[in-house]
Amino acid sequence: MLSFQSPKLFIVFIGICITQFAFSNADIARCKTSYQSQRPSLTSVCEDDYARKYACVTTTCDNSGRQFVPMKGCLHNGAGGQSEQQCSGYKPGKDGHYECTNSGGQTYQCPYSLLNVPFITCGDCYLP
């Protein structure tokens, strides 16, 4: 029966199917600019390198299977010796550095830029 239908109707049908698929799929977001888990920790805010802020399901966010990114050469509140941190949240900080927050809530300044920052990727995101 479909072979007797108008080719225009068939093209419209395919277009509708593709549109439905595109709008029902969640996006994958690369959180290069910033990442912050919200309270309660069911959702996270992820900002990609194009400054788009996504709301993401936290359990789909990781870096090599971990829910933090390692950052080296970090200074606690800009003072003291350098350390390596497991950053559960991060955002652009002072003087071209990244501000890292570890799971204990301590803040560090780490020597990274948008070009070389390790980042978390989230798999179930949408633009609010």
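Counted the way mature numbering (1 follows the signal peptide of the UniProt record, and there is no 0) counts, the sequence shown spans residues -24 to -1, 1 to 104.
Idealized CB from N, CA, C, for every residue including glycine.
Using the Cα positions of K10 and D25, report the straight-line distance between them to the nearest angstrom.
Taking the sequence shown and counting its residues from 1, one reaches residue 10 at position 34. Taking the sequence shown and counting its residues from 1, one reaches residue 25 at position 49. Reading off the sequence shown, one finds Ser at residue 10, where the question assumed Lys. Cα-Cα distance, rounded: 9 Å.
May I ask you to report which of helix, strand or coil DSSP gives G80?
Stepping through the sequence shown from its first residue, residue 80 is reached at position 104. DSSP places G80 in coil when its eight states are reduced to three.
How long is the line joining the alpha carbons of C101 and Q43, rounded to whole angstroms?
Position 125 of the sequence shown, counting from 1, holds the residue named residue 101. Position 67 of the sequence shown, counting from 1, holds the residue named residue 43. Going from the Cα of C101 to the Cα of Q43 covers about 16 Å.
Along the chain, where does the beta strand (DSSP E) that runs through S20 open and close?
On the sequence shown, position 44 is the one that residue 20 refers to. From DSSP, the beta strand (DSSP E) with S20 extends over T19 to E23.
State the CB to CB distance for the pair C50 and Q58, rounded to an integer number of angstroms; the pair is presumed to be in contact (CB under 8 Å).
Numbered from its first residue, the sequence shown carries residue 50 at position 74. Numbered from its first residue, the sequence shown carries residue 58 at position 82. About 6 Å separates the two Cβ atoms, so the contact holds.
Close-in-space but distant-in-sequence residues of the same chain around P87 (CB under 7 Å, 5 per side omitted)
In the sequence shown, the residue the question calls residue 87 occupies position 111. Hits under 7 Å: G49 and H73.
Could you pull out every unbroken beta strand (DSSP E) segment of at least 3 residues lying fully inside the stretch 30 to 88, listed in chain order?
45 to 52, 55 to 68, 74 to 78 and 83 to 86
Mapping the DSSP letters down to three states, classify A5 as helix, strand or coil.
As a first step, residue 5 must be located in the sequence shown, where it is residue number 29. Residue state, collapsed to three classes: strand.
Buried or exposed for Q14, going by 16 or more other Cβ atoms inside 10 Å?
Working through the sequence shown from its first residue, we reach residue 14 at position 38. It is exposed - the Cβ of Q14 has fewer than 16 other Cβ atoms within 10 Å.
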